[in-house]
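Report on the following structure.
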Amino acid sequence: MYRESIKHLKKWKLNIDKKPLIVYGARQVGKTYLMQAFGKTEYRQVVYINFERAEKMRDIFLVDLDPQRLITAFELFTGLKITPEDTLIILDEIQAAPRGVTSLKYFCEEARSYQIIAAGSLLGINIHHDESFPVGKVDMLTLHPMSFYEFLMAMGEENSLARILREKHFDLTPVFAEKFKEYLKYYFFVGGMPEAVAAFATNRDWKKSRDIQNKILKNYRNDFSKHAPKEILPRINMVWDSIPAQLAKQNKKFIYSVLKEGARAKEFEMAIQWLTDAGLLHKVHAITKPASPLVSYQDFSAFKLYHNDIGLLGAMSKLKTKVLVEGDAVFEEFKGALTEQYVFQQLLLKEDVSINYYPFDNGRYELDFIIDNDDGDIIPIEVKAGTNLTAPSFKVYCERHKPKTAIKTSLTNYKPESRIINLPLYALNTL
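Next up, the structure:
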């Protein structure tokens, strides 16, 4: 299946000053598939080692971190002769091998001719106590679930709907609006986990996709039990279980009392941190002032928690397939929670964009999202689940701050105005 991140990998390969690359991402977002597909098309051979499975190789880094000794060990294990110019070395689930991440520093300093990609599902929470992260010695890439654009590609729409978005033929979007909307409904249910998408693309089997989603959620639970500190495990489960209810509220700010009566931030901050480090949840902070850079005005006490995938959120919320045939009901389900999750998920794919929300006038108004770009422009984004474009908060903000660009995204057709762009939900990748 096509992944946009393949472009990043090809760019990395062509960089004469490249360092070992670390690919982050939650379990089952497609890291292994992406790395192997890249290796198969771009290199003569691939040396692949998965340290979760290759138990005998886990302690290979404990003797010493000499790159040449390690290369010899990789060759002996795989039976392949490694030639730096045309061999890709993939070290998968590297967090399972003590000092494996640290070794990348020495490959960078002493043996940079070797082309190495390391990946790990739980790198953010499973770096060993006796090793340090090789800051400045590695390149990094974060892989997320498939975008709606990638979903269209998987559904065989490369030369039609996906092409319209890719080439920004906004004049054609009204002609194909209903077809776009139909696929968007599918995406709301199936989501972007590659295995679920592949199952649906093959035979439009809703049940198979849902079974896969439930299996992934079960695997996440197993990771909680296996890797999380025992003292915070109950709180991790409480935070995780609360996400559908948190996002289904009218005000989607994270409320601790939803977890249990009288709950305090101090009790749950480690649990939330564990889930965000694992890439399963994402924090979006409120800002106190719409000024660049937005990160300087974040209020760390006020935040929303979004899921890593809209399909998994739907599975946790017990979303029924019948909702997909009831007009536009799926977009307004759970007080528009799925639509807001969808918008967040597409924005997350934009590199170097700070995603925030903005409550103002003592909470009377609230912008769904507010982002800034490389030029320092502040861009407000209003999310509408249907075609009703009434948005008091958005209107007040635009009148006061007169932003250079403002985005209103909904099911309506594309319509550029002086400052405000009405951008269809299905065209968010063109932002």
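The sequence shown begins at -13 in this note's numbering and counts up by one.
For each residue, glycine too, the CB sits at the ideal point set by N, CA and C.
Counterpart residues of residue i in DSSP-defined beta bridges
| i | result |
| --- | --- |
| G106 | Y10 |
| Q236 | Per DSSP, none; premise fails for Q236. |
| S340 | D358 |
| H293 | L267 |
| M179 | Its beta-bridge partners do not exist; DSSP assigns none. |
| Y351 | F346 |
| A272 | D285 and Y343 |
| V33 | I75 |
| M224 | M224 pairs with nothing; no bridge assigned. |
| P366 | I356 |
| I407 | I393 and P402 |
| Q101 | L74 |
Option nearest residue i by Cα separation, candidates the options
| i | options | result |
| --- | --- | --- |
| G349 | I35, A40, Q236 and E318 | Q236 |
| I202 | M224, M256, A23 and V176 | V176 |
| A105 | Y172, L20 and L158 | L20 |
| F24 | S195, M(-13), R196 and E253 | M(-13) |
| R98 | T64, F166 and I57 | I57 |
| F289 | R386, K194, G297 and Y344 | Y344 |
| F93 | Y383, D360, K123 and K390 | K123 |
| K171 | F317, I407, R(-11) and S340 | F317 |
| L129 | P389, I(-8) and T398 | I(-8) |
| L432 | G322, A231, V382 and K390 | Because the chain is modelled from -13 through 417, residue 432 falls outside the range shown and cannot be assessed. |
| A234 | K252, Q284, K204 and Y292 | Y292 |
| K91 | K216, D72 and V121 | V121 |
Supposed contact pair residue j and residue i - C-beta distance, whole angstroms, cut 8 Å
| i | j | result |
| --- | --- | --- |
| R13 | S107 | 4 Å |
| G265 | N294 | 6 Å |
| L(-5) | Y29 | Between Y29 and L(-5) the Cβ distance is about 11 Å, and since that is not below 8 Å, they are no contact. |
| S133 | L305 | Incorrect: roughly 20 Å between the Cβ atoms, too far for contact. |
| A83 | F47 | 6 Å |
| G297 | A182 | 6 Å |
Residues near residue i by beta carbon distance below 7 Å, same chain, minus five either side
| i | result |
| --- | --- |
| S118 | T88 |
| L418 | As shown, the chain starts at -13 and ends at 417. That puts residue 418 outside it, with no answer to give. |
| I218 | M256, A257 and W260 |
| V32 | Q22, G25, K26, L74 and I76 |
| T307 | F175 and W192 |
| H387 | P276 |
| E38 | E79 and A82 |
| D285 | H271, A272, I273 and T274 |
| Y400 | F156, T159, N408, L409, P410 and A413 |
| F240 | Q232, F289, K290 and L291 |
Cutoff 8 Å; reference residue i; Cβ partners in own chain excluding five residues on either side
| i | result |
| --- | --- |
| G362 | S278 and P279 |
| V329 | D354, F355, I367, V369, T395, L411 and L414 |
| F254 | R221, M224, V225, Y242 and L245 |
| L165 | In the sequence on display, residue 165 carries Lys and not Leu. Around K165: L147. |
| N205 | R13 and Q14 |
| I198 | M179, E181, A182 and A185 |
| R152 | Y135 |
Residues of its chain near residue i, where Cβ-Cβ distance is below 6 Å and the 5 sequence neighbours each way are ignored
| i | result |
| --- | --- |
| Y173 | F134 and F137 |
| T391 | I365 |
| E326 | V369 |
| P131 | V15, G178, M179 and D295 |
| P230 | M302 and S303 |
| S228 | V244 and L245 |
| V382 | Y351 |
- Answer yes if the stretch 138 to 150 comes into contact with the stretch 308 to 320, meaning at least three C-beta pairs across the two stretches below 8 Å, and no otherwise. The stretch 308 to 320 is not in contact with the stretch 138 to 150.
- Message: Assess contact between the stretch 81 to 98 and the stretch 2 to 13, defined as three or more Cβ pairs (one per stretch) separated by less than 8 Å. Is contact present?
- Response: yes
- Query: Taking three-plus beta-carbon pairs below 8 Å as touching, is the stretch 132 to 142 in contact with the stretch 176 to 190?
  - Reply: yes
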